[in-house]
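Visitor: I have a structure I would like to understand better, so I am pasting it below and will then ask my questions one at a time.
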């Protein structure tokens with residue numbers, strides 16, 4: 051964001067952006083690197099790029115990444131979302147279960163927007179402060195403590211949640227006071 055917009059296409063700048071996002075970039079990021087909409091259309095037609103979803107593109111020959119689908123969803127949210135709930139449990143490796151749908155928390159003010167929610171996505175609305183955010187690979191995710199609290203509030207099964215809290219505590223991802231607070235608010239026995 052803090053960079054000025056290029057007037058001529060700068061491949062290195064676009065590639066640098068895509069490199070940090072598993073080969074993906076948005077229309078706005080391309081414009082900031084000097085690529086016009088017409089040039090994007092030309093590169094799509096020539097096969098240098100693929101359109102992943104509206105306003106999200108991928109460099110065709112970029113090596114596949116483990117979090118590509120999540121990166122594309124995060125870019126769809128204009129980089130405002132943070133993965134949460136069951137998706138965050140998976141990303142923090144506090145769960146062996148692959149969630150059926152991706153959980154993404156958007157800023158509370160987005161609740162009134164009319165969004166075309168991608169298939170397989172569950173949206174939550176809340177303002178997640180920086181202290182409750184982390185990065186796992188190329189995507190933002192709620193912190194382990196926030197993830198556990200959100201999952202408890204979302205009625206994840208007590209056995210499943212208790213196991214996740216125990217793992218987080220054993221791995222030093224949450225403190226004993228944080229685990230105790232979760233026990234108090236959720237009735238879990240950790």
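In the working numbering, the protein residues as written are 51 to 240.
We treat Cβ as the ideally placed atom computed from N, Cα and C, and that holds for glycine.
1. Scan the segment 107-161 and note each continuous beta strand (DSSP E) run of 3 residues or more that stays entirely inside, going in chain order.
2. Tell me the rounded alpha-carbon separation between residue 232 and residue 208.
3. Under 8 angstroms by Cβ, that's how I've got residue 122 and residue 156 pegged, so tell me the actual separation to the nearest angstrom.
4. Could you round the C-beta distance between residue 144 and residue 194 to whole angstroms and report it? I think they count as a contact, below 8 angstroms.
5. Using the three-state DSSP reduction, which class does residue 94 fall into: helix, strand or coil?
6. Could you check if residue 181 is buried or exposed, using at least 16 other CB atoms within 10 Å of its CB as the buried criterion?
7. Sorted by chain position, which residues of the same chain lie with C-beta nearer than 8 angstroms to residue 170's C-beta, five sequence neighbours on each side aside?
Guide: The relevant details are as follows:
1. Correct list: 152-156.
2. As a position in the chain shown, residue 232 is number 182, starting the count at 1. As a position in the chain shown, residue 208 is number 158, starting the count at 1. The C-alpha of residue 232 lies about 12 angstroms from the C-alpha of residue 208.
3. Numbered from its first residue, the chain shown carries residue 122 at position 72. Numbered from its first residue, the chain shown carries residue 156 at position 106. Not confirmed; about 15 angstroms, so no contact.
4. The residue you call residue 144 lines up with position 94 of the chain shown. The residue you call residue 194 lines up with position 144 of the chain shown. Contact holds; Cβ gap of about 7 angstroms.
5. Translated into positions along the chain shown, residue 94 becomes position 44. Residue state, collapsed to three classes: helix.
6. Locating residue 181 in the chain shown gives position 131, counting from the first residue. For residue 181, the number of other beta carbons within 10 angstroms of its own is below 16, and it is reported as exposed.
7. In the chain shown, the residue the question calls residue 170 occupies position 120. Apart from sequence neighbours up to five positions away, the residues of its chain that approach residue 170 with a beta-carbon distance below 8 angstroms are 150, 151, 152, ordered along the chain.
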